[in-house]
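Residue numbers for the sequence shown follow full-length UniProt numbering, so the first one is 1 and each next one is one higher.
Reading through the C-alpha cells given below for one structure.
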Amino acid sequence: MTDEWQALKDEMKEAAQSLGIDAIGVASSDPFVTLKQRLIRHRELGYESGFEEQDIEKRTNPSLIFDRPQSIIAIAVAYPSKLIDPPKSEPGARRGIMSRSAWGEDYHKILRDRLARLEQWLRERVPNVRVESMVDTGELSDRAVAERAGLGWSAKNCSIISPELGSWIYLGEMITNLPLPPDEPVTEGCGSCTKCIDACPTGAIVAPGQLNAQRCISYVTQTKGMVTDEFMRKIGNRLYGCDTCQIVCPVNRGKNWTNQPELQPDNELAKPLLIPLLTMGNKEFKERYGHTSSAWRGRKPIQRNAVIALGNFKEASAVPDLIRVLHDDPRPVLRGTAAWSLGRIGGEAAAKALEQASMRERDEEAIASIEAAIGAIRERERA
Ligand code: B12
Ligand code: SF4
Ligand code: SF4
1 MTDEWQALKD
11 EMKEAAQSLG
21 IDAIGVASSD
31 PFVTLKQRLI
41 RHRELGYESG
51 FEEQDIEKRT
61 NPSLIFDRPQ
71 SIIAIAVAYP
81 SKLIDPPKSE
91 PGARRGIMSR
101 SAWGEDYHKI
111 LRDRLARLEQ
121 WLRERVPNVR
131 VESMVDTGEL
141 SDRAVAERAG
151 LGWSAKNCSI
161 ISPELGSWIY
171 LGEMITNLPL
181 PPDEPVTEGC
191 GSCTKCIDAC
201 PTGAIVAPGQ
211 LNAQRCISYV
221 TQTKGMVTDE
231 FMRKIGNRLY
241 GCDTCQIVCP
251 VNRGKNWTNQ
261 PELQPDNELA
271 KPLLIPLLTM
281 GNKEFKERYG
291 HTSSAWRGRK
301 PIQRNAVIAL
311 GNFKEASAVP
321 DLIRVLHDDP
331 RPVLRGTAAW
341 SLGRIGGEAA
351 AKALEQASMR
361 ERDEEAIASI
371 EAAIGAIRER
381 ERA
C-alpha cells in the first residue's frame, strides 16, 4: 500500500509542471508544535500585522479544520522579478512602484486555479479523495507548510527560499485524506549572510526570521489611516508592498520567472505615474487594478502612498495637484497626507495653501498634519 502512495506522489511530482505548478512537496498533517509557540510569542510581543488568521489552535492543528487529515500537499508558483524596459521615473513624471507580489493577476486566483487543477488530477486517480485547499487567507501558515514539505528553507528575511526558485514564489496548500509519504525539509540555509536584515529600511527584521510586522513597510503600505512621519519618509515611492529584503538576497540574483503567463507585469500598472493616481475614481481603480492583489484594501492606501511618494520626491510640479487634494479630497487621511507632502516640498504656493487649509479644516488629524507642515516650512525658512 505504501508503495502505491509513493507511486502516486511520484506521478504527481511529474505532472506538476503540466498543471502550472513550479514546485510541489508533501508534508505530514501533524500539529505544528514549534510554530504554535512561535505564534503565541509573536502575539505577546505585539508583532502581528492583524492580517493573519487569529485562531492559533486552528493555525497549527490541521485536524481542527479537516476531518482526519493524512497529508498536506504544498505548492509553489514562481513569479517575475524584472520589468522589461521599465519606464523611467523622472522630474515632472514621477512614478511609484508596486511590489512584485502585486504584478500580473492576483496570485490568490492563480494559486486557487492551480490547486483546483491538482484536485481534479487527484480525483481522476483517487475518486474518493477529500481535500481542503487554501492560499494566503486560509487558517494554515503557508510558509510553515512549505518548509515542512521541503519546498525551501525558512530564511532570515522570513521568506521561504527554494534553492532552485529563490523566494519569488507564492505558496498554497491542500490538506488531504491521502496518506502520501512526506518529503524531507531542505538542508540549505542563509549561513552567515545578513544582507536582508541590514537592508531593511525600518529595522523590521528584529532577529533572523523574526519580523515586527508593525514596522514592516509592506504592512504600512496596506494600512488605511495616517502614517507617521518616520514611516512616510521610509515608504519612499512604494505604492503597495515592499521587496527590499528579497531584492538584496544573493539567492535571488538573476532569478526572474516568466513561465506563468497570467503573472507577467504591465509596466504602466507596476510602475505607474503618480499624479494621475491622485484623481483616480473608484470605477477606474477597479478597471485598472481590480484584477491584481493590490486591490484588496481598495484605492485609498494606494492613493495615500502616491501622495507620500510625491512628497518624498520633493516634486515641485506636483504642488497644484497636491493642493487640490488638500483642499478638496473628501477623505481626511488624504488631506492630512497631502499637507505632509506639501510641507516636504515647500515653497510659497504650498505655504499659502496650507495656511488656507488650516482655517477650513475640521478633522483633528488633518489639522495636526497641516500645522506640522506649516511648522516644517517655517523652520526651513529660518535655517
Ligand atoms: C500576515 C502576512 C503578512 C504580514 C506579516 C508578515 C510576516 N512575516 O509575518 C505582512 C503584511 C507584513 C506581510 C508582508 C509580506 N508578505 Co505576507 N503573508 C502574511 C500571511 C497572511 C500570514 C503570515 C504569518 O502568519 N506570519 C506570522 C509568522 C510568525 O509565521 P509564518 O511566517 O507564517 O511562519 C514562519 C515563522 O513562524 C517561522 N518560525 C516558526 N518558529 C520559529 C522559530 C524560530 C527561532 C525562527 C527564527 C522562526 C520560526 O517559521 C515559519 C515558516 O517560515 C501569509 C499567508 C499565510 N496564510 O500564511 C502571507 C505570506 C507569508 N506573505 C507572502 C509575501 C509574498 C509577502 C511579501 C513579500 C509581500 C510584499 N512584497 O510586500 C511581504 C514580505 C514581508 C516579510 N519579510 O515577511 C507570501 C510568502 C511567500 C514566501 N516565498 O515566503 C505568503 C506565504 C503568502 C502566499 N500564500 O504566498 N505578509
Ligand atoms: S518587506 Fe521591506 S520593510 Fe518588510 S522586512 Fe522586508 S525590507 Fe523590511
Ligand atoms: S539576504 Fe542572506 S540572510 Fe537574508 S534571506 Fe537572503 S540569504 Fe538569507
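Cβ coordinates follow ideal geometry from the N, Cα and C atoms, glycine included.
Distance cut-off 7 Å: residue i Cβ against heavy atoms of ligand 1
{"i": "Gly25", "result": "no"}
{"i": "Ser101", "result": "yes"}
{"i": "His42", "result": "yes"}
{"i": "Gly172", "result": "yes"}
{"i": "Phe51", "result": "yes"}
{"i": "Glu147", "result": "yes"}
Contact belief for residue i with residue j at Cβ below 8 Å, rounded distance in angstroms
{"i": "Ile97", "j": "Lys271", "result": "6 Å"}
{"i": "Asp266", "j": "Arg100", "result": "With a Cβ gap of about 13 Å, Asp266 and Arg100 do not count as contacting."}
{"i": "Val319", "j": "Ala351", "result": "Actually they are not in contact, since the Cβ atoms of Val319 and Ala351 sit about 10 Å apart, beyond 8 Å."}
{"i": "Asp23", "j": "Leu165", "result": "For clarity, residue 23 is Ala in the given sequence; the question names Asp instead. Confirmed, about 6 Å."}
{"i": "Leu171", "j": "Ile161", "result": "About 12 Å separates the two Cβ atoms, so there is no contact after all."}
{"i": "Ile205", "j": "Lys156", "result": "7 Å"}
{"i": "Gly203", "j": "Arg215", "result": "7 Å"}
{"i": "Pro181", "j": "Val26", "result": "7 Å"}
Rounded C-alpha distance that separates residue i from residue j
{"i": "Gln246", "j": "Ile169", "result": "11 Å"}
{"i": "Gln37", "j": "Arg123", "result": "36 Å"}
{"i": "Gln303", "j": "Asp113", "result": "30 Å"}
{"i": "Thr60", "j": "Ile367", "result": "45 Å"}
{"i": "Asp229", "j": "Leu118", "result": "47 Å"}
{"i": "Leu278", "j": "Tyr240", "result": "15 Å"}
{"i": "Met232", "j": "Thr221", "result": "9 Å"}
{"i": "Asp328", "j": "Val145", "result": "48 Å"}
{"i": "Gln210", "j": "Lys195", "result": "15 Å"}
{"i": "Leu64", "j": "Glu57", "result": "8 Å"}
{"i": "Thr34", "j": "Pro332", "result": "43 Å"}
{"i": "Pro80", "j": "Asn252", "result": "11 Å"}
{"i": "Ile235", "j": "Leu19", "result": "38 Å"}
{"i": "Ala7", "j": "Val248", "result": "40 Å"}
{"i": "Thr223", "j": "Lys88", "result": "27 Å"}
{"i": "Asp10", "j": "Leu269", "result": "40 Å"}
{"i": "Ser133", "j": "Met174", "result": "4 Å"}
{"i": "Arg43", "j": "Phe51", "result": "12 Å"}
{"i": "Gly347", "j": "Pro208", "result": "44 Å"}
{"i": "Ser29", "j": "Asn312", "result": "47 Å"}
{"i": "Tyr219", "j": "Asp136", "result": "15 Å"}
{"i": "residue 416", "j": "Thr258", "result": "Limits of the chain in this structure are 1 at one end and 383 at the other, which puts residue 416 out of reach."}
{"i": "Met12", "j": "Phe32", "result": "25 Å"}
{"i": "Leu39", "j": "Val186", "result": "23 Å"}
{"i": "Pro261", "j": "Ile345", "result": "41 Å"}
{"i": "Arg95", "j": "Ile217", "result": "18 Å"}
{"i": "Lys109", "j": "Tyr47", "result": "28 Å"}
Residue i Cβ short of 7 Å to ligand 2 heavy atom set
{"i": "Thr221", "result": "no"}
{"i": "Ser71", "result": "no"}
{"i": "Asn237", "result": "no"}
{"i": "Asn305", "result": "no"}
{"i": "Cys200", "result": "yes"}
{"i": "Ser28", "result": "no"}
{"i": "Ala155", "result": "no"}
Run of the alpha helix (DSSP H) containing residue i, from where it starts to where it stops
{"i": "Tyr219", "result": "Ile217 to Thr221"}
{"i": "Arg324", "result": "Val319 to Asp328"}
{"i": "Val33", "result": "Val33 to Glu44"}
{"i": "Met12", "result": "Thr2 to Ala15"}
{"i": "Ala351", "result": "Glu348 to Arg360"}
{"i": "Gly375", "result": "Glu364 to Arg382"}
{"i": "Phe285", "result": "Asn282 to Tyr289"}
{"i": "Lys234", "result": "Asp229 to Ile235"}
{"i": "Thr244", "result": "Thr244 to Ile247"}
Three-state secondary structure assigned by DSSP to residue i
{"i": "Arg59", "result": "helix"}
{"i": "Thr337", "result": "helix"}
{"i": "Ile21", "result": "coil"}
{"i": "Gly191", "result": "coil"}
{"i": "residue 405", "result": "In this structure the chain extends from 1 to 383, so residue 405 is not present and cannot be described."}
{"i": "Glu90", "result": "strand"}
{"i": "Met98", "result": "strand"}
{"i": "Trp121", "result": "helix"}
{"i": "Arg294", "result": "In the sequence as displayed, the identity of residue 294 is Ser instead of Arg. Looking at Ser294 - three-state DSSP - the assignment turns out to be helix."}
{"i": "Gln54", "result": "coil"}
{"i": "Gly311", "result": "helix"}
{"i": "Ser154", "result": "strand"}
{"i": "Leu211", "result": "strand"}
Extent of the continuous beta strand (DSSP E) run through residue i
{"i": "Tyr240", "result": "Arg238 to Tyr240"}
{"i": "Glu173", "result": "Ile169 to Thr176"}
{"i": "Ser71", "result": "Ser71 to Ala78"}
{"i": "Ser133", "result": "Val131 to Met134"}
{"i": "Ala207", "result": "Ile205 to Ala207"}
Contact test: residue i Cβ vs ligand 3 heavy atom, cutoff 7 Å
{"i": "Pro250", "result": "yes"}
{"i": "Thr194", "result": "yes"}
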